[in-house]
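Structure record follows, encoded as structure tokens.
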RNA sequence: GCCGCGAUGGCGGAAUAGGUAGACGCGCGAGACUUAAAAUCUCGUACUAGCAAUAGUGUGUGGGUUCGAUUCCCUCUCGCGGCACCA
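Residue numbers (this note's numbering): 201 to 1022.
Structure, rendered in structure tokens:
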């Protein structure tokens, strides 16, 4: 059984109630004076989906890490804003509803209640007065309002196109939800379907989404993911002509290609067009009859493959010769035109010039079809390229563009596509659109927002949007807009909800606007965003897009348009076996059980002590017990010291300098480590202090002054808020000017003079190898001659220098002496 | 294939404007307290040789720069993550 002297269960529950009653971290006043604004600190943890299974130890780490920041920053006088909310719409709740018939609203509410209780139990100091949930009409009213703003600017539009469709989930999927051609959620084969869908025109911001990254403090891999996803690539478009014998040359149809390697154009030995583009450009008319059949057959077959399976068939190139010839405008060579699905319809112009000598894919295709390979760049310089021979590639490209302005022009391409936001699902925000009897789309009027999600729906997937089954929804539209009017039945992608939540936090209860402009100006950007590194590429792109859009509309005074100034990623907590925790592996650790056995303080400190925040770390059940030992030791030490202070016959130990120094160096260490999130080393420093304290602890003497005891308790407060509050409360009998809570205290200061010891240990090396050490008065560390002399004459050094000549003497201030000798 | 990250005792990890490698914790060993256990405390613990003092070796591999390299540069090996027919 654990030590009964510290009853973590009772103590933690007591302070939990106290903080709640006192509303200690709630009702943050967001109106700051210009002076206060310099100290604002907006701390944000990733928007969480309230899953039915409750809190996981993996959630505890980042929440605790930010909570420590919040508490530490408050103690150092910062104006901290630390809100919480729920990304509450989404598929899991709906799928659960399909299975059980329980309405998603109920399961979501239950899940949020559980999460809230668990998070409070951990002692996370969120401002619960600003809590939001995306499924509340007060929230999604403004999600819909943002849709309306985008629609008015032409940045929300409807378009018919091929989309990924999961036949089992009965909904559209985003590209990243398709893994190897299968649905991420249910592993069904994903098919391509032509549907009219709503899109947000994020591509309007593509260049700014790249440029803005220069001004944010984010991990480099996260930035490069953003850049790769946008996929900007500079190159040229070149017009080739299709040779039609029956027409004069100036009437030949043009076919444009996109290339980043214009310098290799003399090596183009064939051209390839994608099946989609071939159809779109209506090139069948130019084919001979037998070719029509062949090409048609190929295109039909290609369409049966999905976008994803096309990618898998990477190595095995397929295609068909059209029998047509195209003319290379640089050398007038006539080269064959192929249709092949290794060229994508949606990128560039959907057609390429194939240069097998300098492109792997073209080479593979050329080898399969027995086509010419012609080298045009050797050792970085052009050959076989007429007047461009001998130029380096970059120069050649410029000259080629300049000399052929009619057929070649600069061109920039992007991989980024517009954001498909329609979902044929129930549990999301309805798209605020109604259709008149002619099928024309109209925005739902502002006074009808929030455009409520109907209740009378059948969740069972039918291939159509569940909202179609609502009688109320249809009736509502006819009542408000007229007979024959119909609603949009699709809901919005939940990414829409989570792309602006950090703006809503500052005006969580505002019923007049999505957020107050002045408050936004005060608090944005978020100073520190902590979020896992998985699945954030789109969340970040979308959030940045929304922020920039709202800035451009004048709702947000944030010139950079970058919502997250600094971002870091927490690592994963792995199972004791070093593998990712999962129910099937049976290696899941339940935080409730750890709290039950050891308390929330132990759980917090343990997770922070495991290693660097960003690293993946395996759980070690025994090490948890070690942290628990440390906290009980601290409790004992402080208790004993307080008790001795109440015995007036005792006095301070005269020789306690070492402990006082250690206290100040510990304050110093934490003051440096905490803002840098180096919690593992901060905790190690606290342990060192406790170890020394324990070693010096004696029954008949006082070791620390009252203010020193309190200073130590304050150091503990951000990390272990419960035990710190308890010890602070107990220390009140010592009669210092106490606050209501240790968490309202100010951070302790360290005495610079006490950081330096009287003597410094200097190391003596010979040829870089440690041979001796000696203590030297710290105040004389500048006396190089004396130090070198002392080092040379150390007894331990004699055998190392005896029959040697010293060639060089090195002294590194306060650290080391090295003799180079032979 | 491309891009990025990483490799330190039995384990998690400390220490990098280049300067005592292994802080702190776990584990392990010995001891104190106890009738006993639990709890708690003390000492030890990179490896090799030695009773010891001490000496040698040591931060994935091989090399380089340097008086001195876990730290900087190059090579390779292994592991992890992301992207991937984007012309």
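Each residue gets a CB set at the ideal place from its N, CA and C atoms; glycine is no exception.
Here residue 920 has 801, 804, 805 and 831 as same chain residues with Cβ atoms under 7 Å from its own Cβ, once five neighbours each way along the sequence are excluded.
For residue 362, DSSP records a beta bridge to 394. Uninterrupted alpha helix (DSSP H) stretches at least 4 residues long and entirely within the region 844-928 occur at 857-873, 879-896 and 906-916, given in chain order.
For a cut-off of 8 Å, the C-beta gap from residue 469 to residue 573 is around 7 Å, short enough to register as a contact.
DSSP, read as helix, strand or coil, puts residue 434 in strand. The three-state reading of DSSP puts residue 426 in helix, counting H, G and I together. Residue pairing from DSSP leaves residue 755 without any beta-bridge partner. In the DSSP annotation of this structure, residue 560 is not part of any beta strand (DSSP E); the continuous alpha helix (DSSP H) holding it starts and ends at 560-569.
Residue 988 places its beta carbon 9 Å or farther from that of residue 973. Residues 889 and 892 of the same chain have their beta carbon placed closer than 6 Å to that of residue 862, with the five preceding and five following residues left out of the count.
In the three-state DSSP reduction, residue 473 falls in the strand class (E or B).
DSSP places residue 457 in the uninterrupted beta strand (DSSP E) bounded by 454-459.
Between residue 954 and residue 845, the beta carbon gap of about 21 Å keeps them out of contact (Cβ cut-off 8 Å).
Judged by beta-carbon spacing, residue 738 lies beyond the 9 Å limit of residue 724, meaning their Cβ atoms are not closer than that value. Residue ranges of uninterrupted beta strand (DSSP E) with 3 or more members are absent from the region 774-841; none lies entirely inside it.
Nearest in C-alpha terms to residue 415, of all of 681, 871 and 744, is 744. Shown here, residue 523 sits in a strand according to DSSP, grouped into three states. Assignment of residue 764 by DSSP, reduced to helix, strand and coil, places it in the strand class.
Rounded to the nearest whole angstrom, the CA to CA distance from residue 517 to residue 564 is 7 Å.
Contact between residue 324 and residue 263 is confirmed by a C-beta separation of about 5 Å, below the 8 Å threshold.
A distance below 9 Å separates the beta carbons of residue 252 and residue 310.
Note that the C-beta distance between residue 486 and residue 520 is not below 9 Å. In terms of Cα proximity to residue 948, the closest of 731, 918 and 582 is 918. For the region 583-666, the full-length beta strand (DSSP E) segments reaching 3 residues or more read 608-613, 633-635 and 641-643 along the chain.
Annotated as distal: residue 915 and residue 856, with beta-carbon spacing of 9 Å or more. A distance below 7 Å between beta-carbons, with the five flanking residues on each side excluded, links residue 371 to the following residues of its chain, in chain order: 623, 624 and 625.
About 11 Å separates the Cβ atoms of residue 986 and residue 993, ruling out a contact at the 8 Å cut-off.
A contact between stretches requires three or more CB pairs, one per stretch, nearer than 8 Å, and the region 588-606 fails this requirement with the region 279-291. In the structure shown, residue 1018 falls within a strand segment according to DSSP collapsed to helix, strand and coil. By the criterion of a C-beta distance shorter than 7 Å, residue 261 is surrounded in its chain by 770, 773 and 807, once the five residues flanking it on both sides are discounted. A straight-line Cα-Cα distance of about 16 Å links residue 267 and residue 945. Taking the Cα positions, residue 447 is about 26 Å away from residue 540. DSSP places residue 961 in the uninterrupted beta strand (DSSP E) bounded by 959-966. In the DSSP assignment, residue 340 falls within the alpha helix (DSSP H) that extends over 337-352. Only residues of its own chain outside the window of five on either side were considered, and among them 773 have a CB closer than 6 Å to the CB of residue 258, listed in chain order. Residue 683: not part of any beta strand (DSSP E); DSSP gives it neither H nor E.
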